[in-house]
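Residue numbers (the numbering used here), protein chains in the order written: chain A, 1 to 165; chain B, 1 to 161. Glycine included, every Cβ here is placed at the ideal spot set by N, Cα and C.
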């Protein structure tokens, strides 16, 4: 039996992508999702510790798995957050040539990036987040948890209130 | 636009332990699909309000994303709404859905109503899941408000021993 039965959202761990200071929020995000991009812009100035977790839904966004793998490949060269910020800031430029351009401008090793984004390690990393989200009951993106409890949409409003902004 | 709360006029869901109502409906390819086609399998019938709505798109996309795990668990997921087979074909193509989508189009909502998953007030199937065991007995029923997507985890909970 595949283990996608219900489970608590995993607490933040050493392999998670974390940024910011303040109340910890776990965000399950699809990098090709317009709602996620809008939420991202809406919460970027808040005093929160954001824990980013991958939740690609390729039926809705066919390029989503590729973008998540690219973000993890960027992470292996220390550029996860700038890469994610760039994707969300310019959603019209997420094809491969745009990604190669971004990677080059960020000073990454493009050959390594290309190898990493297709690696089993990266695929498993993305899938681990996705499956933890499924088990926690994430059913659309973005999904958020604070102190293990799902946040009720609209997220940007709830998170703004939480951050005291 | 779908309602944000459950209609009081909705038909009553069938209970776990009931025999699944028989059905024969066309899928998105125009082929008739019958309950008997799933004999010996665990069937998850997913009634949803309408093709192309944002919430239903999210719901079916989510289930599509875990289709291999569902297959490993021995389950087949089949979507049902009052949309036509032609509409289902376009919806399935847009989302790349591999699951059958059954058209409860005419008489409108008849099969949905037989499961208690039809909202006469809004003229659409209500968002409901039914797990039908290989012997045709319904073992699990879940109903959600129209704008609330039942997570895939709930299906796996129902399928787990």
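Proximal residues of chain A, C-beta to C-beta of residue i below 9 Å
i                     : result
residue 27 of chain B : Chain A residues near residue 27 of chain B: none, gap ~18 Å exceeds 9 Å.
residue 64 of chain B : 57, 58, 59
residue 51 of chain B : Simply none; closest approach about 13 Å.
Contact test: residue i Cβ vs the ligand SAM heavy atom, cutoff 7 Å
i                     : result
residue 16 of chain B : This structure lacks the ligand SAM, and indeed carries no ligand of any kind.
Beta-carbon proximity list for residue i, same chain, < 7 Å, skipping 5 on both sides
i                      : result
residue 10 of chain A  : 132
residue 155 of chain A : 39, 142, 144
residue 58 of chain A  : 64, 65
residue 116 of chain A : 73, 76, 122
residue 61 of chain A  : 30, 32, 33
residue 157 of chain A : none
residue 37 of chain B  : none
residue 67 of chain A  : 31, 32, 87, 94
CA-to-CA distance, residue j to residue i, given in whole angstroms
i                      : j                      : result
residue 129 of chain B : residue 108 of chain A : 47 Å
residue 162 of chain A : residue 49 of chain A  : 11 Å
residue 103 of chain A : residue 126 of chain A : 19 Å
residue 156 of chain B : residue 59 of chain B  : 15 Å
residue 150 of chain A : residue 87 of chain A  : 25 Å
residue 120 of chain A : residue 16 of chain B  : 42 Å
residue 44 of chain A  : residue 35 of chain A  : 14 Å
residue 128 of chain A : residue 62 of chain B  : 16 Å
residue 56 of chain A  : residue 101 of chain A : 23 Å
residue 144 of chain B : residue 56 of chain B  : 12 Å
residue 84 of chain A  : residue 141 of chain B : 40 Å
residue 21 of chain B  : residue 82 of chain A  : 54 Å
residue 37 of chain A  : residue 19 of chain B  : 46 Å
residue 164 of chain A : residue 20 of chain A  : 14 Å
residue 137 of chain A : residue 71 of chain A  : 24 Å
residue 146 of chain A : residue 160 of chain A : 13 Å
residue 167 of chain A : residue 22 of chain A  : With chain A represented from 1 up to 165, any question about residue 167 of chain A goes unanswered, as that position is not in the structure.
residue 99 of chain A  : residue 54 of chain A  : 18 Å
Beta-carbon spacing of residue i, residue j below 8 Å
i                      : j                      : result
residue 42 of chain B  : residue 161 of chain B : no
residue 112 of chain B : residue 121 of chain B : no
residue 44 of chain B  : residue 77 of chain B  : yes
residue 138 of chain B : residue 14 of chain B  : yes
residue 124 of chain B : residue 50 of chain B  : yes
residue 153 of chain B : residue 85 of chain B  : no
residue 66 of chain B  : residue 46 of chain A  : no
residue 35 of chain B  : residue 47 of chain B  : no
residue 102 of chain B : residue 116 of chain B : no
residue 97 of chain B  : residue 64 of chain B  : yes
residue 71 of chain B  : residue 159 of chain B : no
Partners in chain A for residue i, counting only beta-carbon separations shorter than 7 Å
i                     : result
residue 61 of chain B : 57, 59, 60
residue 57 of chain B : 60
Beta-carbon neighbours of residue i, restricted to chain B and to distances below 7 Å
i                      : result
residue 135 of chain A : 153
residue 5 of chain A   : 153, 156, 157, 160
Same chain, Cβ closer than 8 Å to residue i, neighbours up to 5 away in sequence not counted
i                      : result
residue 51 of chain A  : 12, 16, 17, 18, 24, 25, 26, 27
residue 118 of chain A : 69
8 Å Cβ cut-off: residues of chain B touching residue i
i                      : result
residue 104 of chain A : Result: empty, since nearest Cβ-Cβ is about 32 Å, beyond 8 Å.
Amino acids of chain A, ordered along the chain, whose beta-carbon sits closer than 8 Å to that of residue i
i                      : result
residue 97 of chain B  : 59
residue 149 of chain B : 139, 140
Closer than 8 Å to chain C by CB, residue i
i                      : result
residue 160 of chain B : The chain labelled as chain C is not found among the protein chains of the depicted structure, namely A and B.
Cβ-based neighbour list, residue i, same chain, cut-off 6 Å, excluding 5 preceding and 5 following
i                     : result
residue 94 of chain B : none
residue 7 of chain A  : 135
residue 30 of chain B : 85
Quiz prompt | 4-residue-minimum alpha helix (DSSP H) runs that sit fully inside the region 47 to 78 of chain A, ordered along the chain | solution = Counting whole runs of 4 or more residues, the region 47 to 78 of chain A contains the alpha helix (DSSP H) stretches 64 to 75.
Alpha helix (DSSP H) runs contained entirely in the region 51 to 107 of chain B, provided each spans 4 or more residues:
Counting only runs that start and end inside the region 51 to 107 of chain B, the alpha helix (DSSP H) elements of at least 4 residues fall at 54 to 65, 67 to 72, 85 to 95.
*Mind listing, in chain order, the continuous beta strand (DSSP E) runs of no fewer than 3 residues lying wholly within the region 98 to 157 of chain B?*
101 to 103, 128 to 132, 138 to 143
For a minimum of 4 consecutive residues, which ranges assigned as the alpha helix (DSSP H) are wholly contained in the region 70 to 157 of chain A?
80 to 89, 96 to 105, 110 to 117, 120 to 135
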